[in-house]
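J.: Each residue of the sequence shown is one higher than the one before, counting from 1 in full-length UniProt numbering.
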Amino acid sequence: MKTTQYHDTLSSPIGSAFAILSVYSLYIVFIYRFLHKSEMIDEVSYYTHPLNSWQIGKVVMYHAYIVLKTNDWYWSIEKNDAGVTIQRSKNIEHVRDKYYRIKRKENWTSGIAMEKSKSVNNKTVKQFIEHVYEANYVNEEYGVIQKNCQQFANKIYDFI
């Protein structure tokens, strides 16, 4: 898989967005540059939104992703056919409602919805990133039926 890193410098005052397309860049970017070893995860939430703006409901077809809350940041992690994306911001709206600074898909019957949420008291962001690295989620092939965004979000939610 090609190693690519995306860093949104325009959003640096409020956070950063990264698309990590290889295990190598995931490890280098996060472990050595952006993580505080003591940054505890306070809450994990499972969000969904429709895949298309013309879609009537979200019964089977929907995109799923995870939002983490720490004392200092909001983080999102999600998987699609382009790879695994991790975003970070001081404002929840920038990771919950946007993907690469573009508004997430919504329609007249459904939009962005938090499906479940739980408090966390024993995981750090560093442990979370190491889990993604060690489980090799970044290099897993994406599939519409298997290894899709919903299954990825479930794995992350269950770990945290």
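All C-beta atoms, glycine included, are put in the ideal place defined by N, C-alpha and C.
Assuming contact is defined by CB atoms lying nearer than 7 Å, are V67 and R104 in contact in what I supplied?
T.: no
J.: Beta-carbon within less than 8 Å of E106's beta-carbon, same chain only, minus the 5 sequence neighbours each way: which residues are those?
T.: Excluding positions up to five away in sequence, the list reads H49, P50, S53 and I112.
J.: Do the stretch 138-156 and the stretch 79-92 meet, that is, are 3 or more Cβ pairs less than 8 Å apart?
T.: yes
J.: Could you pull out every residue in the same chain whose Cβ sits closer than 6 Å to the Cβ of K116, ignoring the five residues on either side in sequence?
T.: Y46
J.: Reducing DSSP to helix, strand and coil, say where D158 ends up.
T.: Helix.
J.: Using CA coordinates, which residue listed in V84, K123, V125 and R88 is at the minimum distance from N136?
T.: V84
J.: Helix, strand or coil, according to DSSP, for N139 in the structure here?
T.: helix
J.: What whole-angstrom Cβ distance do I86 and I160 have, given they're in contact under 8 Å?
T.: Not a contact, Cβ separation roughly 14 Å.
J.: How should V132 be labelled, buried or exposed, when 16 other C-beta atoms within 10 angstroms of its C-beta is the threshold for buried?
T.: buried
J.: Mind checking which residues open and close the beta strand (DSSP E) that includes I41?
T.: I41 to H49
J.: With distances taken from CA atoms, which of S110, E93, D158 and N121 is nearest W75?
T.: Taking only the C-alpha atoms, the option nearest W75 is E93.
J.: Distance, Cα to Cα, V44 vs T124?
T.: 12 Å
J.: S117: beta carbon under 6 Å from a heavy atom of the ligand SAM?
T.: Ligands in the displayed structure: none, and consequently the ligand SAM is not present.
J.: If you compare alpha carbons, which of W108, Y99 and W73 is closest to K90?
T.: W73
J.: Distance check for V138 and E39, CA to CA, integer angstroms please.
T.: 22 Å
J.: When DSSP labels each residue in this structure, what does R104 get in the three-state scheme?
T.: coil
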